[in-house]
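For any residue, its number in the numbering used here is found by taking its place in the sequence shown, counting from 1, and adding 103.
We put the beta carbon where it would ideally sit given N, CA and C, even for glycine.
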Amino acid sequence: MARQETIEKLLGMLLRRRDSLARSIKGDIKLLFEYHGETSGDVLDAAADTVQDEMNSRLLEVESDELRAIDAAIDRIKDGSYGTCQDCGKPIPLKRLQAVPYVVDCVGCRRLAEQRSESKASGWSSSVAYYGSD
104 MARQETIEKL
114 LGMLLRRRDS
124 LARSIKGDIK
134 LLFEYHGETS
144 GDVLDAAADT
154 VQDEMNSRLL
164 EVESDELRAI
174 DAAIDRIKDG
184 SYGTCQDCGK
194 PIPLKRLQAV
204 PYVVDCVGCR
214 RLAEQRSESK
224 ASGWSSSVAY
234 YGSD
């Protein structure tokens, strides 16, 4: 299958996922507002409600992040830049796009980015170890 045909199939998949996420987000927001309208019976109920609110808020955040990534991928398909690594400019392999259709970088550039972030994180931890955690 040609690259362009695969990208067209991925566009269809992205559009379906976007619609599904939009419905899910709408439902999650509705649930959050419904929960806030109810009063809790006691301290334990209030604590459970708070935990549920936090979980729902985090789920909304994850879904919203994915929706933004999907919208950006759809825009890249429309402008012709989809499937090109934002860092090195090389084509992203189709297998990677099929696995994560809104990915913006190739495996090599992703590994470099992760190594850079790991070295920054290890720099922080070594500073803590050197100066102590007190």
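Check whether residue i and residue j have beta carbons under 9 Å apart
i	j	result
residue 163	residue 132	yes
residue 159	residue 135	yes
Pairwise C-alpha distance: residue j and residue i
i	j	result
residue 319	residue 150	Nothing in the structure corresponds to residue 319, since the chain is present only between 104 and 237.
residue 223	residue 145	45 Å
residue 229	residue 189	Any reading at residue 229 is ruled out, since the residue's pLDDT is 48, under 50, leaving its predicted position unreliable.
residue 212	residue 193	10 Å
residue 208	residue 147	46 Å
residue 221	residue 214	10 Å
residue 106	residue 165	29 Å
Residue i classed as buried or exposed, judged by whether at least 16 other C-beta atoms fall within 10 angstroms
i	result
residue 191	exposed
residue 176	buried
residue 118	exposed
Cβ contact check for the region 151 to 171 and the region 194 to 203: 3 or more pairs under 8 Å: no
The region 106 to 117 / the region 151 to 160 touching (three or more Cβ pairs under 8 Å): no
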